[in-house]
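Q:
There are 2 protein chains.
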Amino acid sequence: MSDADLLQQLMDAMRCLPGVGPKTAQRMSLHLLERDRQGGEHLSRVLKDALARIGRCEWCRNLTEHPRCNICSNANREQSQLCIVETPADVLAIEQATSYRGRYFVLLGRLSPLDGIGPEDIGLDQLSAHFAAEPLAEVIVATNPTVEGEATAYYIQQLAARHQIKVSRIAHGVPLGGELEYIDAGTLAHAFGSRQPVE
Amino acid sequence: MSDADLLQQLMDAMRCLPGVGPKTAQRMSLHLLERDRQGGEHLSRVLKDALARIGRCEWCRNLTEHPRCNICSNANREQSQLCIVETPADVLAIEQATSYRGRYFVLLGRLSPLDGIGPEDIGLDQLSAHFAAEPLAEVIVATNPTVEGEATAYYIQQLAARHQIKVSRIAHGVPLGGELEYIDAGTLAHAFGSRQPVE
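In order, the protein sequence lines correspond to chains A and B. Under our numbering, residues 3 to 201 are what the first sequence spells out, in order. Under our numbering, residues 3 to 201 are what the second sequence spells out, in order.
1. Consider the C-beta atom of A:His174 and the heavy atoms of the ligand MN; say whether any pair is separated by less than 8 Å.
2. Taking the C-alpha atoms as reference points, what is the distance between B:Pro147 and B:Gly57?
3. Considering only the beta carbon of each residue, do A:Ala144 and A:Arg171 sit closer than 9 Å?
4. Hey, is B:Ser31's beta-carbon within less than 9 Å of any beta-carbon in chain A?
5. Of the residues that make up the region 91 to 115 of chain B, which ones have a beta carbon closer than 9 Å to any beta carbon in chain A?
6. A:Arg39 touches chain B at which residues, Cβ-Cβ below 7 Å?
7. For A:Glu106, does the three-state DSSP call read helix, strand or coil?
8. Give a yes or no on whether 9 Å exceeds the smallest Cβ distance from B:Ile56 to chain A.
9. In chain order, what are the residue ranges of uninterrupted alpha helix (DSSP H) at least 4 long that sit wholly in the region 155 to 197 of chain B?
10. For A:Arg37 and A:Arg164, what's the separation of their Cα atoms in angstroms?
11. Please list, in chain order, the chain A residues whose beta carbon lies closer than 7 Å to that of B:Gly42.
12. If we call anything under 9 Å between Cβ atoms a contact, is B:Leu49 one with A:Leu49?
13. Any beta-carbon of chain A closer than 9 Å to the one on B:Glu36?
14. Just verifying my parser: in three-state terms, what is the DSSP assignment at B:Gly57?
15. Can you pull the chain B residues whose beta carbon is under 8 Å from the beta carbon of A:Gln28, in chain order?
16. Find the nearest neighbour of B:Gln28 within the set A:Val93, A:Asn72, A:Ala155, judged by alpha-carbon distance.
17. Between the alpha carbons of B:Glu181 and B:Thr189, how many angstroms are there, rounded?
18. Output needed for B:Glu67: all residues of its chain with C-beta closer than 8 Å, excluding positions within five of it in sequence on either side, in chain order.
19. Examine chain A for any beta-carbon lying closer than 9 Å to the beta-carbon of B:Gly151, and answer yes or no.
20. Any C-beta of chain B sitting closer than 9 Å to the C-beta of A:Gln148?
21. Given this structure, state the Cα-to-Cα distance separating B:Tyr106 from B:Cys59, to the nearest angstrom.
22. Going by Cα to Cα distance, which pick from B:Ile167, B:Gln198, B:Gln166 is closest to B:His219?
23. Jot down the residue ranges of each uninterrupted alpha helix (DSSP H) in the region 12 to 56 of chain A, minimum 4 residues, whole runs only, in chain order.
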């Protein structure tokens with residue numbers, strides 16, 4: 003069976019992509035081989051390059067191929083605001099959706115003692131150093147509203163309090179366009195508990 | 003924006019994969035960078051290798067990294083049977099699902115005069131040479147039951163008739179487990195027209 007090997011190897015290698023099962027891996031492999039060899043060669047080249055060169059920003063831990071990412075090295079960004087998120091995808095989402103112009107800090111995870119993930123593993127020692135050294139007026143905690151995300155947010159809040167920095171948490175509740183009938187019970191309960199006075 | 007470039011380039015490059023839009027490309031890129039760099043490097047290497055080395059089998063036109071694919075070079079396959087399919091994916095599907103042990107011929111397309119695809123473009127001249135030279139007892143035409151697929155099947159049938167080779171077409175009709183109520187009208191009409199006598 004040494005003959006089918008290279009195609010089979012390619013199909014197996016495609017399975018490292020998230021959400022790609024055997025059928026999709028086969029379709030992707032055959033598509034590249036039959037219809038888009040140039041695109042495939044480009045992908046192979048860029049992927050190799052990206053994996054070799056993209057590392058962590060030394061200040062905010064986001065993914066970048068430079069020592070500092072383009073947000074951290076941009077002097078026009080508001081230096082007194084810091085938004086703390088769990089993943090690089092969260093940074094992209096916030097950049098696309100909001101008009102936030104401050105800096106970020108990417109945890110790359112969340113506190114999870116059961117999985118052995120402590121404060122140092124998600125860079126909270128580095129964050130603490132930033133709290134001490136940087137001219138921060140507001141820290142926005144945008145971790146996910148899960149048990150671990152909330153625990154992480156609480157930990158960061160305690161950390162910021164020690165440096166007298168104002169902390170805010172992004173709002174959680176019923177999404178815009180959502181219908182109460184179909185919202186999960188936890189979100190609805192939270193939305194009731196966090197109701198805002200109307201002027 | 004030179005800083006986001008490499009990650010952005012990777013996301014763009016991922017879009018050459020079929021069914022991958024901007025969101026999925028982002029998820030795949032970040033997954034590889036954050037969680038599976040080894041898998042990504044392996045994919046990049048195998049993809050480059052596969053694109054450089056996988057070509058066409060000189061006999062059956064299937065994808066292979068050798069001059070002849072492992073089915074054509076396997077002396078244990080039935081030499082008198084030839085199954086004609088449109089794509090390499092069809093070969094994989096038939097190999098997995100059936101007990102067919104003959105050889106294949108892969109058209110890599112179908113007759114489509116409107117798109118400028120004539121007999122030579124799908125290797126029918128090569129197939130005609132096989133009809134003349136090979137000891138074929140049966141040709142099984144397994145092109146898709148589309149207008150172009152049927153036209154291609156008809157053309158092959160005429161070609162085989164000139165060499166006095168028996169031609170058969172795979173059965174089309176209601177799929178096993180299908181319910182008549184939900185079958186499209188064309189398939190149902192075909193199934194009625196092609197009804198088989200029962201002993």
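Glycine is no exception: its CB is placed at the ideal position from the N, C-alpha and C atoms. A quick note: this is a predicted structure, and the numbers were derived from the prediction, not measured.
A: Let me spell this out:
1. Of ligands this structure carries none, so the ligand MN is not represented either.
2. The residue given as residue 147 of chain B occupies position 145 in the second sequence. The residue given as residue 57 of chain B occupies position 55 in the second sequence. Here the alpha carbon of B:Pro147 sits roughly 27 Å from the alpha carbon of B:Gly57.
3. One-based indexing of the first sequence puts residue 144 of chain A at position 142. One-based indexing of the first sequence puts residue 171 of chain A at position 169. For A:Ala144 and A:Arg171, yes; Cβs fall inside 9 Å.
4. Along the second sequence, one-based indexing puts residue 31 of chain B at 29. Judged by the 9 Å Cβ criterion, B:Ser31 is in contact with chain A.
5. Correct list: Ala91, Leu94, Leu110.
6. Here the question's residue 39 of chain A lines up with position 37 in the first sequence. Around A:Arg39, the beta-carbon contacts reaching into chain B at under 7 Å are Leu53.
7. Locating residue 106 of chain A in the first sequence gives position 104, counting from the first residue. For clarity, residue 106 of chain A is Tyr in the given sequence; the question names Glu instead. Of the three classes helix, strand and coil, the one that applies to A:Tyr106 here is strand, per DSSP.
8. Within the second sequence, the letter at position 54 stands for residue 56 of chain B. With a threshold of 9 Å between beta carbons, B:Ile56 makes contact with chain A.
9. Within the region 155 to 197 of chain B, the complete alpha helix (DSSP H) runs of at least 4 residues are 187 to 195.
10. By one-based count along the first sequence, residue 37 of chain A stands at place 35. By one-based count along the first sequence, residue 164 of chain A stands at place 162. Roughly 59 Å between the two C-alpha positions.
11. As a first step, residue 42 of chain B must be located in the second sequence, where it is residue number 40. What B:Gly42 touches in chain A: Cys18, Leu49, Leu53.
12. The residue labelled residue 49 of chain B in the question sits at position 47 within the second sequence. The residue labelled residue 49 of chain A in the question sits at position 47 within the first sequence. Yes, the Cβ-Cβ distance between B:Leu49 and A:Leu49 is below 9 Å.
13. Along the second sequence, read from residue 1 onward, the residue named residue 36 of chain B stands at position 34. At a cut-off of 9 Å between C-beta atoms, B:Glu36 counts as an interface residue with respect to chain A.
14. Taking the second sequence and counting its residues from 1, the one referred to as residue 57 of chain B is at position 55. Three-state DSSP puts B:Gly57 in a strand.
15. The residue you call residue 28 of chain A lines up with position 26 of the first sequence. Per Cβ cutoff of 8 Å: Ala91, Leu94.
16. In the second sequence, counting from the first residue as 1, residue 28 of chain B sits at position 26. The residue with the shortest Cα to Cα distance from B:Gln28 is A:Val93.
17. Position 179 of the second sequence, counted from the first residue, corresponds to residue 181 of chain B. Position 187 of the second sequence, counted from the first residue, corresponds to residue 189 of chain B. So the two alpha carbons sit approximately 12 Å from each other.
18. On the second sequence, residue 67 of chain B is found 65 positions in, with the first residue counted as 1. Only Ala52, Arg55, Ile56, Gly57 meet the Cβ criterion.
19. On the second sequence, residue 151 of chain B is found 149 positions in, with the first residue counted as 1. By this cut-off, B:Gly151 is not an interface position.
20. Residue 148 of chain A sits at position 146 when you count from the first residue of the first sequence. In the sequence as presented, Gln is not what sits at residue 148 of chain A; that position holds Thr. Answer no: the Cβ-Cβ gap between A:Thr148 and chain B never drops below 9 Å.
21. Numbered from 1 along the second sequence, position 104 holds the residue referred to as residue 106 of chain B. Numbered from 1 along the second sequence, position 57 holds the residue referred to as residue 59 of chain B. In a straight line, the C-alpha of B:Tyr106 is about 11 Å away from that of B:Cys59.
22. Only positions 3 to 201 of chain B appear in this structure, which leaves residue 219 of chain B out of reach.
23. DSSP runs (the alpha helix (DSSP H)) wholly in the region 12 to 56 of chain A: 24 to 37, 39 to 55.
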